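A.B. asks: Dropping a structure here in structure tokens format, bear with me for questions.
Numbering (our numbering), first residue to last: 8 to 850.
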């Protein structure tokens, strides 16, 4: 349950360091945002302000309070969220993103475009929300006014000869978008850094040229195609991930150029230039023009038309004579043609005096009310809101892309971010590291922003940037704030892109496999010889991927043993003679399947320090006493099941419980992998689903096939009544979850019960803007549920009343872990790692 709810709660751990140039993730401009050395965590204390900033802004950050503060909201269009979103701000995402849109009579479903299950997909919700809006088809919108004026020019010049298309689906094949227009296989535009991929064979069109081949095959020879196009791009006043293009295409036959007395290429080039010069004059009046030779994959020769306007040269469009191969492949052999493409926003910003590309997406009446069909009106700023600047610096790798950075920043801040500019670069030649410092300008086009909003957003950007671009050598842990949206681009990049090959294991407790895949097997070795002996031994192991053979254990420079596979092996002291079977080498290894990278849905598939401490405690007790011999135990929030597997070496039966099929499947896999070391083999453990929010005993659901393997039986419930030991590790981090945990515990351990709970936990700290300090609110909440039998005089007396206004049900004793040896792994036991023994009162 705990592990599963980690997936829906707002926390997950990453590693990074905070210093100056030496380890620069620096968030300049944040007041009092400092962290002490050691492990501290940023949690949900900063969350309310971020939610408010997201929902107050517009749909931009309301699809945006998909904010990652993993974040990644997805920026969407600036308009107020629906009223229901105002009341429940944390649910703004569900109100903002439609499940489907209709384009040209074709229904496009969100789940077909934003696909978390496809490693080739990098389309965020913020981009999906733009599909179907078709600003170019709104008659009173600047883009619609400009489109219609261009259409009128072509109708007047060519007498209605040009067919017009402005309602084509933006979902096109990779072949249509690239191959059909001769874009080379290694061209930069094909990379995921530049293009939005729906899957490996489908993209959101990068240009309206993606429809050239289709229209030629349909028999069209003169046509204009207008539509929204999508590119991952920089953040500034003239760039946006969605913009609008118009494609023009005209085909000539041999009779056409022979009548003109020139060759086909010359005829097409002359006609092209005359047509576009006439268009420029129609739009800009009598201006100086010039043609610049350039390169496009699909035209030869290729040109750019520039005009001298408002005392500077302005690029208007790109064009050229169509490559013969395109015509030949699409049923137009023996002809020539020209094509041009222009960006509607680029021209409309000049013609309508619109200073920022974000304004085109505004639904503010003060903007939209200024324009009417058929009229070219100069935009009048309805207010000049000041920008707010924040700087951020971080180490980059050779795989870093500025477009990815802009995607992260826009994902957090939506349309509140005006510009992202590189202002400084630092190279540490000794370490071979490079740091970039970027200045982020925040400004709303519709209202003034508060310092609180910007600070909250900058925290989100700060953490998201670090998580995305970390080189894997960080030392301080923060807890990520997550408002939702697992379908974001960054989410997928963290799962699927090759940067994972350089990343260290995020949880800081894993040992074992190469972090180049998303999952692996940790080998927790429990060796029957002294950690200080310095002698090399042979270790017999069983498990997947290893034959039952002797593996040489080698000493490393750090005095840590590793085998030939690179698995870390840390010896323990010799065990008590009371349990001679523990000296068998084949039994001294626990293999745990886990996930390497800290994806939010997989935090329950990782091994955390609390589980290692509780495992050590069980082994320590059994090395000197028989406290857990033949007991029946229940592990709550088991995660990978490591604690339960350790207990199952000695207990009669262990119930390993958690919530979620994937987590329970992984527990079952770990039981099977380690069954030879368990006291009664697979019969030592029963994996069951237990939802803390539901009543105890759990409902018997024998007919529910989907979860039948983890359903409780009447026999299970009866056996659980005999359980004397409860186990829980790393289940305290959310007040909501802690409440549910203790409500369940009251039923499992009623007043007078002889059961005892052993709970290992790590304090998780938040930076609180309210407290202007790093605090452990979750831990304090946890402590309200029981009497502390071991409190010292400095703690004062505990209150008699718990968080529910009831008399405290439990008494607790903090166990001194300094006397518990480390048997499993040489992990760091800081002052924030604690072990508690809880009993119900009057027991």
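Positions of the beta carbon are idealized from the N, C-alpha and C atoms, including for glycine.
Small disclaimer: the values here were computed from a predicted structure and weren't measured.
Nearest by alpha-carbon distance to residue 136: which of 150, 763, 126 and 109 is it?
C.D. replies: Start at 1 with the first residue of the chain shown, and residue 136 comes out as number 129. The shortest Cα separation from residue 136 among 150, 763, 126 and 109 belongs to 109.
A.B. asks: Please work out which residues of its chain come closer than 6 Å, Cβ to Cβ, to residue 420, disregarding the five sequence neighbours upstream and downstream, and give them in chain order.
C.D. replies: As a working mapping, residue 420 is identified with position 413 in the chain shown. Correct list, in chain order: 464.
A.B. asks: Would a C-beta distance cut-off of 7 Å place residue 617 and residue 736 closer than the cut-off?
C.D. replies: Taking the chain shown and counting its residues from 1, one reaches residue 617 at position 610. Taking the chain shown and counting its residues from 1, one reaches residue 736 at position 729. It is a contact, given that the beta carbons lie within the stated cut-off.
A.B. asks: Given that a residue counts as buried once 16 or more other Cβ atoms are within 10 Å of its Cβ, and exposed if not, what is residue 320?
C.D. replies: Numbered from 1 along the chain shown, position 313 holds the residue referred to as residue 320. When all chains shown are included, residue 320 counts as exposed.
A.B. asks: What runs of the beta strand (DSSP E), each 3 residues or longer, lie entirely inside the region 210-261?
C.D. replies: For the region 210-261, the continuous beta strand (DSSP E) assignments of 3+ residues that do not extend past its boundaries occur at 229-237 and 249-259, in sequence order.
A.B. asks: Check residue 753 in the structure and name its three-state DSSP category.
C.D. replies: Start at 1 with the first residue of the chain shown, and residue 753 comes out as number 746. Note: residue 753 maps to helix in three-state DSSP.
A.B. asks: May I ask you to report which of helix, strand or coil DSSP gives residue 186?
C.D. replies: Counting from one through the chain shown, the residue named residue 186 turns up at place 179. Of the three classes helix, strand and coil, the one that applies to residue 186 here is helix, per DSSP.
A.B. asks: Taking the alpha-carbon of residue 720 as reference, which of 731, 695 and 734 has the nearest alpha-carbon?
C.D. replies: Here residue 720 refers to the residue found at position 713 of the chain shown. Looking at the Cα atoms, 695 is the closest of the given residues.
A.B. asks: If I measure Cβ to Cβ from residue 846 and keep anything under 7 Å in the same chain, skipping five residues before and after, which residues do I get?
C.D. replies: By one-based count along the chain shown, residue 846 stands at place 839. Around residue 846: 763, 817 and 818.
A.B. asks: Chain B beta carbons: is any one of them nearer than 7 Å to that of residue 137?
C.D. replies: Although the question refers to chain B, the structure presented lacks it and comprises just one protein chain.
A.B. asks: Since residue 384 is in the alpha helix (DSSP H), which residue starts that stretch and which ends it?
C.D. replies: The residue labelled residue 384 in the question sits at position 377 within the chain shown. Neither: residue 384 is in no alpha helix (DSSP H) and is coded neither H nor E.
A.B. asks: Can you tell me whether residue 335 is buried or exposed, with buried defined as 16 or more other CB within 10 angstroms of its CB?
C.D. replies: Looking up residue 335 in the chain shown gives position 328. Looking at its Cβ environment, which holds fewer than 16 other Cβ atoms inside 10 Å, residue 335 is exposed.
A.B. asks: Return helix, strand or coil for residue 661, following the three-state DSSP convention.
C.D. replies: Stepping through the chain shown from its first residue, residue 661 is reached at position 654. Strand at residue 661.
A.B. asks: Whole angstroms are fine: how far does the CA of residue 277 sit from the CA of residue 248?
C.D. replies: One-based indexing of the chain shown puts residue 248 at position 241. One-based indexing of the chain shown puts residue 277 at position 270. Rounded to whole angstroms, residue 248 to residue 277 spans 34 Å at the Cα level.
A.B. asks: Measuring alpha carbon to alpha carbon, tell me which of 221, 233 and 199 ends up nearest residue 214.
C.D. replies: Along the chain shown, one-based indexing puts residue 214 at 207. Selected option, being the one with the closest Cα: 233.
A.B. asks: Report all residues from its chain with a CB closer than 7 Å to the CB of residue 169; omit the five preceding and five following residues, and keep chain order.
C.D. replies: For the purposes of this step, residue 169 is taken as residue 162 along the chain shown, with counting starting at 1. Closer than 7 Å at the Cβ level, and outside the excluded window around residue 169, lie 161, 229, 230 and 231.
A.B. asks: Going by DSSP in three states, residue 123 sits in which element: helix, strand or coil?
C.D. replies: On the chain shown, position 116 is the one that residue 123 refers to. Three-state result, residue 123: coil.
A.B. asks: Comparing alpha-carbon positions, which option in 350, 242, 191 and 734 lies nearest residue 844?
C.D. replies: Along the chain shown, read from residue 1 onward, the residue named residue 844 stands at position 837. Nearest of 350, 242, 191 and 734 to residue 844, Cα basis: 734.
A.B. asks: Report the option in 689, 755, 389 and 434 whose CA atom is closest to the CA atom of residue 725.
C.D. replies: Within the chain shown, the letter at position 718 stands for residue 725. 755 is the residue among 689, 755, 389 and 434 whose C-alpha sits nearest the C-alpha of residue 725.
A.B. asks: Given a threshold of 16 other Cβ atoms within 10 Å of its Cβ, counted over all protein chains shown, does residue 90 qualify as buried or as exposed?
C.D. replies: Taking the chain shown and counting its residues from 1, one reaches residue 90 at position 83. Confidence in residue 90 is poor, its pLDDT being 31 and thus under 50, which makes the residue's placement too unreliable to answer from.
A.B. asks: Mind listing, in chain order, the continuous alpha helix (DSSP H) runs of no fewer than 4 residues lying wholly within the region 265-329?
C.D. replies: 271-291
A.B. asks: Flag this pair as yes or no: are the beta carbons of residue 630 and residue 650 separated by less than 7 Å?
C.D. replies: The count along the chain shown starts at 1 and reaches residue 630 at position 623. The count along the chain shown starts at 1 and reaches residue 650 at position 643. In this structure, residue 650 does not lie closer than 7 Å to residue 630 by Cβ.
A.B. asks: Leaving aside the five residues before and after residue 343 along the sequence, list all residues of the same chain whose C-beta is less than 8 Å from its C-beta, in chain order.
C.D. replies: As a position in the chain shown, residue 343 is number 336, starting the count at 1. The answer, listed in chain order, is 258, 259, 264, 271, 272, 274, 275, 328, 329, 331 and 334.
A.B. asks: So what does DSSP say about residue 198, is it helix, strand or coil?
C.D. replies: Counting from one through the chain shown, the residue named residue 198 turns up at place 191. Here residue 198 sits in coil by DSSP.
A.B. asks: With a Cβ-Cβ cutoff of 7 Å, do residue 128 and residue 199 count as a contact?
C.D. replies: Numbered from 1 along the chain shown, position 121 holds the residue referred to as residue 128. Numbered from 1 along the chain shown, position 192 holds the residue referred to as residue 199. It is not a contact, given that the beta carbons lie outside the stated cut-off.
A.B. asks: How is residue 375 classed by DSSP in three states: helix, strand or coil?
C.D. replies: In the chain shown, counting from the first residue as 1, residue 375 sits at position 368. In the structure shown, residue 375 sits in a helix (DSSP, three-state: H, G or I).
A.B. asks: Closest by CA to residue 227, which one among 338, 204, 446 and 155?
C.D. replies: The residue you call residue 227 lines up with position 220 of the chain shown. Nearest C-alpha to residue 227: 338.
A.B. asks: Taking C-beta to C-beta, are residue 781 and residue 624 nearer than 7 Å?
C.D. replies: The sequence position of residue 781 within the chain shown is 774, counting from 1. The sequence position of residue 624 within the chain shown is 617, counting from 1. Not a contact, by the Cβ cut-off of 7 Å.
A.B. asks: Please report how far the alpha carbon of residue 410 lies from the alpha carbon of residue 305, in whole angstroms.
C.D. replies: Position 403 of the chain shown holds residue 410. Position 298 of the chain shown holds residue 305. One C-alpha to the other measures close to 25 Å.
A.B. asks: Could you check which residue in 729, 689 and 668 has the C-alpha nearest to that of residue 638?
C.D. replies: Translated into positions along the chain shown, residue 638 becomes position 631. It is 729 whose Cα lies nearest to the Cα of residue 638.
A.B. asks: What are the residues that DSSP puts in a beta bridge with residue 435?
C.D. replies: Counted from its first residue, the chain shown places residue 435 at position 428. DSSP, once it has assigned bridges, lists 440 as partnering residue 435.
A.B. asks: Helix, strand or coil for residue 654 per DSSP?
C.D. replies: Here the question's residue 654 lines up with position 647 in the chain shown. Note: residue 654 maps to helix in three-state DSSP.
A.B. asks: Within 10 Å of its beta-carbon, does residue 254 have 16 or more other beta-carbons around it, so buried, or fewer, so exposed?
C.D. replies: Looking up residue 254 in the chain shown gives position 247. With 16 or more other Cβ atoms within 10 Å, it is buried.
A.B. asks: Within 8 Å, do at least three Cβ pairs link the region 434-445 to the region 397-408?
C.D. replies: yes
A.B. asks: If you draw a straight line from the C-alpha of residue 408 to the C-alpha of residue 441, how long is it?
C.D. replies: Reading the chain shown from its first residue, position 401 is the one you call residue 408. Reading the chain shown from its first residue, position 434 is the one you call residue 441. Roughly 13 Å separates the two Cα atoms.
A.B. asks: In chain order, what residues of the same chain lie with their CB nearer than 8 Å to the CB of residue 121, ignoring the 5 residues before and after it?
C.D. replies: Here residue 121 is taken as the residue at index 114 of the chain shown, counted from 1. Closer than 8 Å at the Cβ level, and outside the excluded window around residue 121, lie 128, 130, 131, 132, 135 and 494.
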